[in-house]
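Protein chains in written order, with numbering that gives the first Met the number 0: chain A, 0 to 381; chain B, 0 to 381; chain C, 0 to 324; chain D, 0 to 324.
In this text, a Cβ means the ideal position worked out from N, Cα and C, and glycines have one as well.
Since the structure comes first, as structure tokens, the remarks are kept for the end.
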Amino acid sequence: MAHHFTAYEVEELLPELKASLGLRRFIDEEGNEVQKVPLGPEPLMRMYITMVRARILDEWLLRLQRVGKVALHAPNVGQEAAAAGSAMALREEDWLFPSYRELAAYIARGMNEEEILDRAMANIDDPLRGSEFVVYGHRKYNIVPAPVPVGSQVPLAVGAAMAAKILGHSVVTMAIFGDGATSRADFHAGLNFAGVFRAPVVFVIQNNAWAISMPSRRQTAAKTFALKGVAYGVPGVRVDGNDVIAVYTTASEAVERARAGEGPTLLEAVTYRLGPHTTADDPDRYRPREEAKAMEKFDPIRRLGKYLKARGIISEKEEREIWSEWGERIERIVKRCYEKPPLPPSVVLENVYSEPTWNLEEQMRELEESLEVMKELGIGVE
Amino acid sequence: MAHHFTAYEVEELLPELKASLGLRRFIDEEGNEVQKVPLGPEPLMRMYITMVRARILDEWLLRLQRVGKVALHAPNVGQEAAAAGSAMALREEDWLFPSYRELAAYIARGMNEEEILDRAMANIDDPLRGSEFVVYGHRKYNIVPAPVPVGSQVPLAVGAAMAAKILGHSVVTMAIFGDGATSRADFHAGLNFAGVFRAPVVFVIQNNAWAISMPSRRQTAAKTFALKGVAYGVPGVRVDGNDVIAVYTTASEAVERARAGEGPTLLEAVTYRLGPHTTADDPDRYRPREEAKAMEKFDPIRRLGKYLKARGIISEKEEREIWSEWGERIERIVKRCYEKPPLPPSVVLENVYSEPTWNLEEQMRELEESLEVMKELGIGVE
Amino acid sequence: MPVTNMVQALNSALREEMRRDKRVVVLGEDVGKRGGVFLVTEGLIDEFGPERVIDTPLTEAGIVGVAIGMALYGLKPVAEIQFIDFIYEAFDQIATNLSKIRRRSGGMFSAPVVIRGPCCGGVKGGMFHSQSNEAYFVHTAGLKVVMPSRPYDAKGLLKASIRGEDPVIFLEPKVLYRAIKEEVPEEDYVVPIGEARVVQEGSDVTIVTWGAMVYKALEVSKIARSRHGWEAEVIDLRTLFPFDKDAIIRSLEKTGRLVIVHEAPKTLGLGAEIAAYVAENAIELLKAPVARVTGFDAPFPLAHEKLYMPNEARIYMALSRVMSY
Amino acid sequence: MPVTNMVQALNSALREEMRRDKRVVVLGEDVGKRGGVFLVTEGLIDEFGPERVIDTPLTEAGIVGVAIGMALYGLKPVAEIQFIDFIYEAFDQIATNLSKIRRRSGGMFSAPVVIRGPCCGGVKGGMFHSQSNEAYFVHTAGLKVVMPSRPYDAKGLLKASIRGEDPVIFLEPKVLYRAIKEEVPEEDYVVPIGEARVVQEGSDVTIVTWGAMVYKALEVSKIARSRHGWEAEVIDLRTLFPFDKDAIIRSLEKTGRLVIVHEAPKTLGLGAEIAAYVAENAIELLKAPVARVTGFDAPFPLAHEKLYMPNEARIYMALSRVMSY
Ligand SMILES: Cc1ncc(C[n+]2csc(CCOP(=O)(O)OP(=O)(O)O)c2C)c(N)n1
Ligand SMILES: Cc1ncc(C[n+]2csc(CCOP(=O)(O)OP(=O)(O)O)c2C)c(N)n1
Ligand SMILES: [Mg+2]
Ligand SMILES: [Mg+2]
């Protein structure tokens, strides 16, 4: 309290402010190294393949949505580096709290295409039992399925991180969310708690320039999203989110800082949503086509591919083989998942409580009777 | 969008950051001028008298609470400069959205002791019709009574400012709230809207070092509260909140900036809560007595008094006369208000809608009948 | 009279009110160029500009809080919540300021904000694009709550809401946005808040319902008529608070049997208040127990929403129950 | 057995559960040194340290959101809301995550958080220190809701809540904190969630109530007995959801008359669900209309709270109504 009526100097904050305003990158749009890449072929190849798998799956999900087999899809196209690069920085025991647009992050964390597709189709093997569309998660991988209200998972990630710390576990949590989500109460509360309690959590803002039709400069008047960390005593770092090497390196530093007890980090991955917001959106209403077109040159997969080839890690032929092999493999999985039966009607009353309460038991009987009556009246269940 | 994948420099932000980290003051604890005071005797005397009136009234409210005539009081003691200095920066047509601890602000805005006491006693003349304790407001003075949930008024002030701008009125709004309130969703939403829409609003954080038992360094890990403005593109300024000249001058600059269409300002007034949180609190449970004792030397009234005397604006005798005159005057008002009858029972069903809905009409009949039955059963209404 | 769907009707209501009264402004996520995700605000920004059609940052607490401030100052804001399922961040603003500022200020200030947004199920929208959460607002004194089931009412009720002096939660069943088309007058009219509509007269049983369930009730009443000759009176409540108790009682005086159908979960859904009202004030009219057909007491599901929501079979079961008591 | 008040009973429940299970943590505003504004957490920080008794920043959304995250990870957080009137900022976390995460995750994750806080009126606390807002939570599937009326139940129910696998909203009538003292066992016990308590047997009329209204009901039942010889059965619901429907029906089988008393506003207060349940499932038991005595449909006032809340006169009026039907 002695220091209550005193002034502070700006100098101490300068390094952090610079990191929050800059744009860290290792390779440029053409795959040229602009800063020494600290990674060997193995992790680079893992990143590349993760992104390729996500891209192929993404296209399938679009197609499946069009034929009505998937209810809604939020394409990750163009943002694979931000999603994969950050999730890859986590260890198996760490926890991920993603949003709805993180296809590459699930894959980076070990979820396979079949688990993702079962989920997307809400078929009998759907791990989330037909509860919701567009979100993914699995206990096995410590991925908590996103709430559709954007940003609501942010304080959850902080709470889980605080819990890990209280229990003395060497576990880090990560929340991934969009630029739009930073406007929500949950962002504010989560960042503030993280700062005060030095929780071992990493926040990743995928600044993809848009929140549906709202450009990010209309989301906030802050210079950058990373700068918001200053308001919470949480160091911010801004990186080129389409440079998977920059994302991964920065996220890894943040994760290890957190693990070492040095507190949270706010990472802004500057990226771009090449597709529509979701399959229900029509970006032509608000975004000039040329803009998205012009942004294609920042495509993170193409960029890493170029770098890998320039560095001689893969050849053009190997690159093509990766795409075609994964293409075939995923096609086979899609077919398998496509044929699986639907979930049983009882899912609608499942998992509300640890044990059904009396009203749910009554309602289960009503549901069962209604299935009979539907037959009698000749009404289908779909 | 051309600028999406680019870095920013810190230099442009430096002046704002410095203002957010510093501690602007004109006179020190002993009333010595540390920076040229840009004000003549008239406004200085107005400030002084406003603060004296608030202090005297504050003591009355404490006493009235103790005898059960006032339900709850949140002392403004020690913080009068922050409250009075900011509210005085407003013009008559401007709007104030205070919190529950702003006695000096109401007076600065023209509310008189009688209106405040009627309110505090919730008597027949209570302008807020017995709705709530501890909060004050009046249409006549464009003071919107505070919601007790702290910070909830912040977006309201922003909305009112946006409305004034839309209607082309040259009106500024001001929200006053505590350091604790900055943690709430409403602070985040309000500041963010204000930044994006450049609303003509001034935010005043009374950082009084405590939020009940939470010291302000446990409220946030941010270096200062003013610094939070950076997260919203809202310039922050940190001032010595016990120097009424600094508060008034800075608030006036902010108000005029807003009026000129240059957008919002976040003002942190560093002050100190000398008393308990409210009459229901016991600070001995969490705060060493010596701390509050040591902070008394920062008392804003004593400080301005010393300065006024040093500058020869008042004599010791005149100073004593101000206190005794206002003391007597306010005592008379207290007595008058004390005797006023209570509000009628019907207030409990008033002002829910513009016109009572049918259920309220039914309930009004029930209330009337219950008054009869209470008599019959021998039960008092209090 | 032009034939329009509900989206068009709502759009005209907004447009006409904005023309009529400069104080009317629209704000929300993506309400500008995007026209809202369902296009209810389409084109408004072209006519009224970005000062009156305000694209906001992504925070419902902010949208509602700012709208309240605007209303206090004298504007008539119509705040869009992109899906009503997202309104909960604004709940403190609603419970603390919107519904209470009139009382809190002894009647000196008021905040006649209209909060509107798509509600209810039937479009495979999953857990957060399908909720019917009217009960929270009906329980909150100080609010009015409205839900139209057809374009005519949508337009007339939205106008009445905007012109009123009280805050209104205006719920739009999204499944009906483009499903129902009818003639809607171009001349100015309002549908008064607080009045139910008898959609179909009948003498055997009263079905009180609202939103998209009106159509389900009508369908089942056809089945009931053809199978058993039962004549159901179908009442579209339209205003959920203050609801039209007299219309319900009038109908029960004829039928003596009450089935309430709503999409919201059963426990403390509005059906509970209607049933309680009758049990308190008109129990002697009842020839059979009251029956409620509602969404189940579980989160709205993606899979099998048709089984989760009241469907023909469940409404039919309830009718059979009260008719055969 | 020591004689304790409700604050002490709650404090022991917390202390004992924290000793029993390292995963139990407490968090909220001023819960540390201050011991909470009502001292329910007094001394806990001394025994368990600031890692398990966590003073938080001033944001209910943060407290609840963080508690959910802790519970997902495996802790058993007990989150204090300083006054339950301040819970609305957390409403999105409650509606979106707390109540739905089990279903949302197909049963893979759950968040058994206990949210506790002082509720209800009677202490001249004004609009935001007096609310009874249980109905919002009862309507939200996935939550359990509890309100004790005496120290014994407070301790036993809080322990049951902490040990359960579901989220619980635990509401403490602050007017009873120090008003009622009774013997409370030092040995471990729980009061199971879901069971009402017959506080007083009677054969003429059933009064279903909870919280501080239990005592008002008892007082009026005395007046009714001495004036008219009416014997009222008084049921303390204790668990508001899932409420003990069987206890209510059992009592109605005896009495055939039902009066429901609660502090929350009438419209869609929990009384509505109870009345509706009876109107749906046991109407044949009723010899008279159901009567509700509740807080009025208006914000809780500072002035005349005694007239706003159910008082002896209004309960007596309701008893007279159903007895003389
Ligand atoms: C609380 C809430 N309000 C509104 C929506 C509707 N909505 C879905 S996504 C979205 C934009 C999100 O933008 P951003 O956070 O930048 O993520 P992005 O979609 O760009 O990945 C909106 C408004 C929502 N899901 N949740
Ligand atoms: C939303 C909300 N939560 C909790 C409270 C209880 N409470 C009243 S004042 C207060 C502390 C406020 O601190 P601050 O904002 O710094 O204002 P100060 O009292 O110091 O002026 C708290 C926690 C409240 N009024 N509102
Ligand atoms: Mg985005
Ligand atoms: Mg403070």
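Sub-9 Å separation of residue i and residue j beta-carbons
i	j	result
B:I329	B:R23	no
A:A188	D:V65	yes
B:V333	B:L116	yes
C:D91	B:S151	yes
A:F132	A:V157	no
A:G274	A:G77	yes
C:T205	C:K253	yes
D:L251	D:H138	no
C:S131	C:V145	no
D:L13	D:L157	yes
C:V289	D:E279	yes
C:A246	A:S130	no
D:T3	D:G27	no
C:L284	C:I234	no
C:R224	C:A231	yes
B:R452	B:E267	With chain B running from 0 to 381 in the structure shown, residue 452 of chain B is simply not present.
Residue-level contact to chain A via CB, residue i, 9 Å cutoff
i	result
B:K316	no
D:S109	yes
C:N4	no
B:N241	yes
Three-state secondary structure assigned by DSSP to residue i
i	result
A:W357	helix
C:C118	strand
B:Q362	helix
A:W419	Past the boundaries of the shown model lies residue 419 of chain A; chain A is included only from 0 to 381, so the question cannot be answered.
A:E28	coil
C:K75	strand
D:P150	helix
Assumed close pair residue i, residue j - CB separation to whole angstroms, cut-off 8 Å
i	j	result
B:T270	B:N206	7 Å
C:V77	C:C119	So it is not a contact: roughly 20 Å between Cβ atoms.
C:E194	C:L170	Incorrect: roughly 17 Å between the Cβ atoms, too far for contact.
D:I335	D:L97	With chain D covering only 0 through 324, there is no way to say anything about residue 335 of chain D.
A:N350	C:D296	Not a contact, Cβ separation roughly 13 Å.
is_contact[residue i, chain B] using C-beta, thresh 9 Å
i	result
A:E8	yes
A:T49	no
CB contact below 9 Å: residue i versus chain D
i	result
A:D93	no
B:R100	no
Chain C within 9 Å of residue i, Cβ atoms only
i	result
B:A163	yes
A:I378	yes
Check each residue of the segment 142-160 of chain A: if its Cβ is closer than 7 Å to any Cβ of chain D, include it; give the result in chain order.
-> Of all residues in the segment 142-160 of chain A, only V143, P144, P146, P148, S151, P154, L155, A156, V157, G158, A159 place a beta-carbon less than 7 Å from a beta-carbon of chain D.
Residues in the segment 12-40 of chain C having any Cβ partner in chain A nearer than 8 Å = Answer in chain order: E28, D29, G31, K32, R33, G34, V36.
Positions along the segment 338-370 of chain A whose CB lies within less than 9 Å of some CB in chain D | Cβ contacts with chain D come from V346, E349, N350, V351, Y352, S353, E354, T356, W357, N358, L359.
Going along the chain, which residues of the segment 202-229 of chain B sit with their C-beta nearer than 8 Å to a C-beta in chain D?
-> Here the close residues are A210, I211, S212, M213, R217, Q218, T219.
Members of the segment 267-292 of chain B that neighbour chain A once the beta carbon cut-off is set at 8 Å = Of all residues in the segment 267-292 of chain B, V269, Y271, E290 have a Cβ within less than 8 Å of some Cβ in chain A.
Between the segment 128-143 of chain C and chain D, which residues of the former have CB atoms less than 9 Å from a CB of the latter, in chain order?
-> Of all residues in the segment 128-143 of chain C, Q130, N132, A134, Y135, V137, H138, T139, A140, G141 have a Cβ within less than 9 Å of some Cβ in chain D.
Quick one, which residues of the segment 48-79 of chain C are near chain A if we go by CB-CB under 9 Å, in chain order?
-> So the list reads D54, T55, P56, L57, T58, E59, A60, G61, given in the order they occur along the chain.
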